[in-house]
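Novice:
Protein chains: 2
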Amino acid sequence: MSEAPALAVSTVIFTLRPDSTGCMKLALALVKRIRKPFQGQWALPGGPLGVNEDLSDAASRNLFETTGLQPRYLEQLYAFGSLDRSPGSNIKDRVVSIVYWALVGSDEAAEAIESENVSWFWADELDKLAFDHNLIVDYALWRLRNKLEYSRLAHGFLGERFTLAQLREVYEAVLGRELDPGNFRRMVEANGAVVATGERLEGTRHRPPQLYRYDSSIDLTDQGPLRNSTNKQEKKK
Amino acid sequence: MSEAPALAVSTVIFTLRPDSTGCMKLALALVKRIRKPFQGQWALPGGPLGVNEDLSDAASRNLFETTGLQPRYLEQLYAFGSLDRSPGSNIKDRVVSIVYWALVGSDEAAEAIESENVSWFWADELDKLAFDHNLIVDYALWRLRNKLEYSRLAHGFLGERFTLAQLREVYEAVLGRELDPGNFRRMVEANGAVVATGERLEGTRHRPPQLYRYDSSIDLTDQGPLRNSTNKQEKKK
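As you go down the protein sequences, you meet chains A and B in turn. Those letters in the first sequence? Residues 0 to 236, by numbering that gives the first Met the number 0. Those letters in the second sequence? Residues 0 to 236, by numbering that gives the first Met the number 0.
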């Protein structure tokens with residue numbers, strides 16, 4: 000058998016979690032490496048692709064083994080294969096990683112597995128990760144922020160129904176900046192992807208806010224002809 | 000050594016070529032398979048990734064070995080790894096393909112290598128290709144058509160300087176439909192990515208058309224933080 004780079008699948012798992020003040024922030028799941036190279040450093044969850052396993056199934060398995068959760072949204076990000084991904088390692092141990100990124104609902108993430116070796120980190124406060132994983136996270140963040148603008152991606156963080164304030168909170172957490180509520184409402188209304196359900200949030204308030212939902216006839220963009228074959232997780236819902 | 004899927008790199012190579020009436024049309028380079036599976040069928044050029052080879056270098060090598068040319072533009076498209084990519088083959092022979100797409104200038108493509116086993120095909124008139132390569136081509140076409148709208152991608156098919164008619168010809172070939180010259184000129188002027196050089200096409204005409212160039216300060220989009228590390232071919236120019 001000739002020498003060839005090994006193949007792995009890794010997954011960037013995003014969710015929203017409240018910080019100490021209750022403000023929602025973008026977080027991602029990392030695992031501590033228990034083997035060389037980069038032993039003791041944090042890394043994206045991943046591992047070898049099974050010979051009988053589809054790429055997206057391997058990414059879902061990463062996610063499940065790491066957090067005990069199913070993805071609300073899953074998409075292939077990029078294949079990373081630079082020769083210098085693991086400085087100091089033998090070229091014979093070279094690994095090419097096909098990376099997926101996933102969204103997990105903030106309600107579910109609150110109940111995700113955490114341990115000494117699995118933890119959530121704020122996406123904008125990461126230290127040096129193993130391998131080229133900082134570069135991978137940067138690219139995943141860039142893709143997430145770009146797609147949020149023109150798709151119903153925020154749905155991955157929310158339930159089926161949500162208030163405009165909850166939707167704005169998702170945008171603010173992902174984009175990392177505050178948005179003017181009036182402008183946000185006008186943007187959402189002009190966009191047309193979100194429709195009022197006619198219901199209102201249950202609670203004790205005098206005038207509870209309206210509940211909205213995404214218009215399911217509007218597709219997620221950028222899936223092209225692959226949509227049916229690669230977005231199984233999303234379709235199962 | 001445990002069983003694991005093999006890794007290959009393939010490349011969709013696009014160019015523009017004149018049809019029998021002289022009209023420019025979008026074409027891609029295919030190679031005839033000389034081995035099973037799919038022996039005798041046409042397929043995208045590709046092969047195993049060298050252990051010392053970057054992914055994009057392998058894609059450039061595919062392109063060079065197939066056509067004798069260098070890419071004007073090269074970008075990773077997607078990693079294809081479905082279990083049913085090669086029906087009838089043993090799962091032990093499973094291959095995951097990381098696919099790139101490339102643009103080759105129409106002037107250069109006219110001098111590209113052609114042989115019994117390497118040929119150009121019209122992108123919109125393909126028969127059944129080997130493996131899942133029709134799906135891959137469909138996705139590459141979708142990506143190309145999407146990117147053309149908002150980037151200086153047409154540059155990959157043109158020289159440094161071009162007339163608006165030449166630029167429109169690229170758009171028409173890629174999008175597969177005629178565009179109104181007046182509307183096209185207004186779209187280009189409003190977009191701002193193309194600037195007049197002040198020069199005119201040399202020739203014998205009474206009023207030769209103006210030459211334009213892309214504003215190089217405007218980046219190709221959708222490269223994200225990977226731009227510097229993955230777009231070497233483009234940067235070398």
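Glycine is no exception: its CB is placed at the ideal position from the N, C-alpha and C atoms.
Are the C-beta atoms of Pro-6 of chain B and some chain A residue less than 8 Å apart?
Specialist: The sequence given here places Leu at residue 6 of chain B; Pro does not occur at that position. Answer yes: the Cβ-Cβ gap between Leu-6 of chain B and chain A drops below 8 Å somewhere.
Novice: Decide if the stretch 181-189 of chain B is in contact with the stretch 162-169 of chain B; the criterion is three or more beta carbon pairs, one per stretch, under 8 Å apart.
Specialist: The stretch 181-189 of chain B, when compared against the stretch 162-169 of chain B, does touch it at the 8 Å Cβ threshold.
Novice: Under the three-state reduction of DSSP, which class applies to Thr-162 of chain B: helix, strand or coil?
Specialist: Correct three-state label for Thr-162 of chain B: coil.
Novice: Who are the neighbours of Ser-105 of chain B on chain A, taking C-beta pairs under 9 Å?
Specialist: Those within 9 Å of Ser-105 of chain B in chain A number zero; the least Cβ separation is about 25 Å.
Novice: Cβ of Asn-61 of chain B less than 8 Å from any chain A Cβ?
Specialist: Not one chain A Cβ lies under 8 Å of Asn-61 of chain B.
Novice: What separation, rounded to the nearest whole angstrom, lies between the Cα atoms of Met-23 of chain A and Leu-140 of chain B?
Specialist: Rounded to the nearest angstrom, the two C-alpha atoms are 39 Å apart.
Novice: By Cβ distance, which residues of its chain are closer than 8 Å to Leu-178 of chain A, with the 5 residues on each side in sequence left out?
Specialist: Same-chain partners within the cutoff: Arg-167, Tyr-170 and Glu-171.
Novice: Step through the CB atoms of chain A and report whether any lies within less than 8 Å of the CB of Arg-34 of chain B.
Specialist: No, its Cβ sits nowhere closer than 8 Å to a Cβ of chain A.
Novice: Is Ser-118 of chain B helix, strand or coil when you go by DSSP?
Specialist: If DSSP states are grouped into helix, strand and coil, Ser-118 of chain B belongs with the strands.
Novice: Expressed to the nearest angstrom, what Euclidean distance is found between the alpha-carbon atoms of Phe-130 of chain A and Glu-74 of chain A?
Specialist: Their Cα atoms are separated by approximately 21 Å.
Novice: With the cut-off set at 8 Å, would you say His-132 of chain B and Leu-54 of chain B are in Cβ contact?
Specialist: Not closer than 8 Å, so no.
Novice: At the 8 Å Cβ level, is Ile-12 of chain A part of the contact set with chain B, yes or no?
Specialist: It does not: the Cβ of Ile-12 of chain A has no partner Cβ on chain B nearer than 8 Å.
Novice: For Lys-318 of chain A, name the three-state secondary structure that DSSP assigns.
Specialist: The structure shown does not extend to residue 318 of chain A, since chain A is modelled only from 0 to 236, so the question has no answer here.
Novice: Look at the alpha carbon of Ala-237 of chain B and the alpha carbon of Ala-122 of chain A, and state the distance between them as a whole number of angstroms.
Specialist: Examination of residue 237 of chain B is not possible in this model, given that chain B is present from 0 through 236 alone.
Novice: Pick from B:Val-50, B:His-205, B:Thr-66 and B:Arg-176: whose alpha carbon is nearest that of Leu-320 of chain B?
Specialist: Beyond the ends of chain B as shown, which are 0 and 236, falls residue 320 of chain B; an answer cannot be given.
Novice: Assign Ala-108 of chain B to one of three DSSP states: helix, strand, or coil.
Specialist: Correct three-state label for Ala-108 of chain B: helix.
Novice: Out of A:Gly-87, A:Asn-51 and A:Ser-59, which has the shortest C-alpha to C-alpha gap to Asn-89 of chain B?
Specialist: That would be A:Asn-51, whose Cα lies nearest to the Cα of Asn-89 of chain B.
Novice: Could you pull the DSSP bridge partners for Trp-41 of chain A from this structure?
Specialist: A:Lys-31.
Novice: Mind reading off the beta-carbon distance from Thr-20 of chain B to Ala-108 of chain B? Whole number of angstroms is fine, and I expect it under 8 Å.
Specialist: Wrong, their Cβ atoms sit about 18 Å apart, outside the cutoff.
Novice: Quick check on the DSSP output: what are the complete alpha helix (DSSP H) runs of length 4 or more inside the stretch 133-205 of chain B, in order along the chain?
Specialist: Within the stretch 133-205 of chain B, the complete alpha helix (DSSP H) runs of at least 4 residues are 163-174 and 180-190.
Novice: With 7 Å as the limit, tell me which residues of the stretch 39-62 of chain A have their beta carbon closer than that to any beta carbon of chain B; keep them in chain order.
Specialist: Answer in chain order: Pro-47, Leu-48, Val-50, Asn-51, Asp-53 and Leu-54.
Novice: Got a sec, what are the start and stop residues for the beta strand (DSSP E) Phe-79 of chain B sits in?
Specialist: Taken as a continuous stretch (DSSP letters only), the beta strand (DSSP E) holding Phe-79 of chain B covers 72-79.
Novice: Would a C-beta distance cut-off of 8 Å place Leu-27 of chain B and Val-8 of chain B closer than the cut-off?
Specialist: No, these two residues do not count as a Cβ contact at 8 Å.
Novice: Alpha carbons only, please: which of B:Ala-5, B:Gly-175, B:Trp-119 and B:Tyr-77 is nearest the one belonging to Asp-92 of chain B?
Specialist: Here the closest residue by C-alpha is B:Ala-5.
Novice: Note down, in chain order, every chain B residue with its Cβ under 8 Å from the Cβ of Val-95 of chain A.
Specialist: Going along chain B in sequence order, the residues near Val-95 of chain A (Cβ under 8 Å) are Leu-6, Leu-48, Leu-54 and Ile-97.
Novice: Any C-beta of chain B sitting closer than 8 Å to the C-beta of Gln-165 of chain A?
Specialist: No, no contact with chain B.
Novice: Helix, strand or coil, according to DSSP, for Ala-238 of chain A in the structure here?
Specialist: Because chain A spans 0 through 236 in this model, residue 238 of chain A falls outside it and cannot be assessed.
Novice: Between the alpha carbons of Val-95 of chain A and Arg-206 of chain A, how many angstroms are there, rounded?
Specialist: Cα-Cα distance, rounded: 54 Å.
Novice: Using a beta-carbon distance below 8 Å, is Ile-112 of chain A in contact with chain B?
Specialist: Cβ-Cβ to chain B under 8 Å: no for Ile-112 of chain A.
Novice: Could you give the DSSP three-state label for Arg-60 of chain A: helix, strand or coil?
Specialist: The answer is helix: DSSP assigns Arg-60 of chain A an H, G or I state.
Novice: So is Ala-58 of chain B buried or exposed if we call it buried at 16+ other beta carbons inside 10 Å?
Specialist: It is buried - the Cβ of Ala-58 of chain B has at least 16 other Cβ atoms within 10 Å.
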